Amino acid sequence: MGGFAHFFRIDMEKHKQKILPDRYQVIPRTLIFIRNKDEILLLKGAKDKKIWSGLYNGIGGHIERGEDVLSAAYRELFEETGLQNIQLNLRAIIFIDVEEYQGISMFVFLGNSKQKVLVSSEEGNSDWIKIDRIQNFPLVEDLNQLIPMVLSTEKKIQFGRYYYNNGKLVMEFNK
Numbered sequence: 000m001g002g003f004a005h006f007f008r009i010d011m012e013k014h015k016q017k018i019l020p021d022r023y024q025v026i027p028r029t030l031i032f033i034r035n036k037d038e039i040l041l042l043k044g045a046k047d048k049k050i051w052s053g054l055y056n057g058i059g060g061h062i063e064r065g066e067d068v069l070s071a072a073y074r075e076l077f078e079e080t081g082l083q084n085i086q087l088n089l090r091a092i093i094f095i096d097v098e099e100y101q102g103i104s105m106f107v108f109l110g111n112s113k114q115k116v117l118v119s120s121e122e123g124n125s126d127w128i129k130i131d132r133i134q135n136f137p138l139v140e141d142l143n144q145l146i147p148m149v150l151s152t153e154k155k156i157q158f159g160r161y162y163y164n165n166g167k168l169v170m171e172f173n174k
């Protein structure tokens, strides 16, 4: 699914791209939700995962060097579910403050599938869950608010920021 429609070569020297240690830096990640009618595909984290073990999350992961955001989303979708040929639409870009100068940039996508595959991977097991029942499942802490926003019929891209205040997650989105 990846590939570029246009390719431009710019003669900018590498040393002009400054990365200063006291500037905010992010690790780019993708998060993908796949819908089939009134159900959403979520991945239950494997028991041996370092984070979110036993919790349901969307599909996704890190963007690798040399990948663009969309290609990474398609790669993660295929690796974790086997699904291909699904149009993914960008629904949100979220910056997550983790440390003073380090964070995560999360690109959230939504797609629709006519296939209802269930796959197990080293990341966990996938399940199709009725959208109106997701609150009954153990979800990663932001999904109760994020999923309805991503599924909303309003097509604009949401821009948000997560941070922690006294150890509690705070989610902010622009209107």
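For the sequence shown, numbering that gives the first Met the number 0 assigns the number 0 to the initial residue and increments by one for each residue that follows. From the three backbone atoms N, C-alpha and C, an ideal C-beta is built for every residue, glycine too. Because the structure is a prediction, the values reported are computed rather than measured.
Segment limits, alpha helix (DSSP H) that includes residue i
i: A72; result: V68 to T80
Host beta strand (DSSP E) of residue i (start-end)
i: P27; result: Q24 to N35
i: G44; result: E38 to G44
Identity of the residues DSSP links to residue i by a beta bridge
i: L138; result: Y55
i: S119; result: N124
i: E171; result: R160
i: I146; result: In the DSSP output, where bridge partners are listed per residue, I146 has none listed.
i: S104; result: P27 and F94
i: N111; result: R34
Residues near residue i in its chain [Cβ-Cβ closer than 6 Å; skip 5 each side]
i: L30; result: G57, G59, M105 and V107
i: P27; result: I62 and S104
Cβ-Cβ distance between residue i and residue j below 8 Å
i: G159; j: E171; result: yes
i: N143; j: L109; result: no
Close Cβ partners of residue i (< 7 Å) along its chain, the five nearest in sequence each way excluded
i: F136; result: Y55 and I128
i: F77; result: Q83
8 Å CB neighbourhood of residue i in its chain, flanking five on each side removed
i: Y100; result: P20, D21, R22, Y23 and Q24
i: N183; result: The displayed coordinates of the chain run from 0 to 174. Any statement about residue 183 would go beyond what the structure contains.
i: Y161; result: I93, F94, I95, D96, D141, L168, V169, M170 and E171
How about the region 115-127 and the region 35-50: do they share at least three Cβ pairs that are nearer than 8 Å? Yes: the two stretches touch, three or more of their Cβ pairs being nearer than 8 Å.
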